[in-house]
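Asker: This is the structure, below, for whatever I ask next.
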Amino acid sequence: MTEGDTGAAAPYTEATRARLVTAYEACELADLARAAVPIGEHELHPDGTVHSPGSVLADAARVLRAAHRFFEAAAVFERLGGASWQLIGDALDIAPQTARVRFAMAETRFREELLSPEGTGSTGADGEVSWWRAYMAREPLEAALDLDDWVLRHKDGDSDLGTTPVSGGLVRRGHGEH
Numbered sequence: 500m501t502e503g504d505t506g507a508a509a510p511y512t513e514a515t516r517a518r519l520v521t522a523y524e525a526c527e528l529a530d531l532a533r534a535a536v537p538i539g540e541h542e543l544h545p546d547g548t549v550h551s552p553g554s555v556l557a558d559a560a561r562v563l564r565a566a567h568r569f570f571e572a573a574a575v576f577e578r579l580g581g582a583s584w585q586l587i588g589d590a591l592d593i594a595p596q597t598a599r600v601r602f603a604m605a606e607t608r609f610r611e612e613l614l615s616p617e618g619t620g621s622t623g624a625d626g627e628v629s630w631w632r633a634y635m636a637r638e639p640l641e642a643a644l645d646l647d648d649w650v651l652r653h654k655d656g657d658s659d660l661g662t663t664p665v666s667g668g669l670v671r672r673g674h675g676e677h
């Protein structure tokens, strides 16, 4: 990659774009989970009762939805990277047919998003608007650079990730895509 490349001028493979979505979903999951760790100074009353009943449970539900989006994105990435339903089923310890039923619509939805990246109103499996997927479809390099920044801000004793831990792995079409 050279400086000045743009998403429009850089046709990336479907698997690369699917991996970017998986990276984003992991980022979102990590941020949501990290936000749930601190215990607010006024979260509990002196008698031990909760100041805002249901708020921690609502946070946990958001983390769970993010985990489901990450899980689905990972399955789509594996499929676009060449994995068979058999392999996906084996990895999840389920029948290949069950894997296909569970993830085929997500794969189809992802491919449709790639064909019409202007569709900023597209929604994920849980009905949430996927503005980031539209951004990634239009500007994959910019999206990857944003994720580079996130990874580098959050590395906690990780081995040397280099300066491009996400964007450095992008693969353009014509370099092995089937």
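Under this note's numbering, residues 500 to 677 are what the sequence shown spells out, in order. Think of the CB as a built atom: it goes at the ideal place given N, C-alpha and C, for glycine as much as any other residue. On a predicted model such as this, the values are computed, not experimentally measured, just so you know.
I need the straight-line Cα distance from His550 to Leu591, nearest angstrom please.
Answerer: About 40 Å.
Asker: Is DSSP giving Val670 helix, strand or coil here?
Answerer: Three-state result, Val670: coil.
Asker: Closest to Tyr523 by C-alpha separation, out of Thr512, Leu543, Phe570, would be which residue?
Answerer: Nearest C-alpha to Tyr523: Phe570.
Asker: To the nearest angstrom, how far is the alpha carbon of Thr607 from that of Leu669?
Answerer: Distance between the alpha carbons of Thr607 and Leu669: 22 Å.
Asker: Ignore the nearest five residues each way along the sequence and tell me which others in Pro595's own chain have a CB closer than 6 Å to its CB.
Answerer: Trp584, Gln585, Gly588, listed in sequence order.
Asker: Could you say which of Leu543, Glu542, Ala559, Glu513 lies nearest to Leu531 if we only look at CA atoms?
Answerer: Checking every option, the nearest Cα to that of Leu531 belongs to Ala559.
Asker: Where do the ends of the alpha helix (DSSP H) carrying Tyr523 lie?
Answerer: Where Tyr523 is concerned, the enclosing alpha helix (DSSP H) stretches over 513 to 534.
Asker: Quick one: Cα of Ala605 to Cα of Gly580, how far?
Answerer: Approximately 15 Å between the Cα atoms of the pair.
Asker: Between Leu644 and Ser666, is the Cβ-Cβ spacing less than 9 Å?
Answerer: Their beta carbons are under 9 Å apart, which means Leu644 touches Ser666 by this criterion.
Asker: With a Cβ-Cβ cutoff of 9 Å, do Ala535 and Val575 count as a contact?
Answerer: Going by C-beta atoms, Ala535 is not nearer than 9 Å to Val575.
Asker: Would DSSP call Leu543 helix, strand or coil?
Answerer: The answer is strand: DSSP assigns Leu543 an E or B state.
Asker: Determine the direct distance from the alpha carbon of His544 to that of Arg601, and round the result to whole angstroms.
Answerer: Answer to the nearest angstrom: the Cα atoms are 44 Å apart.
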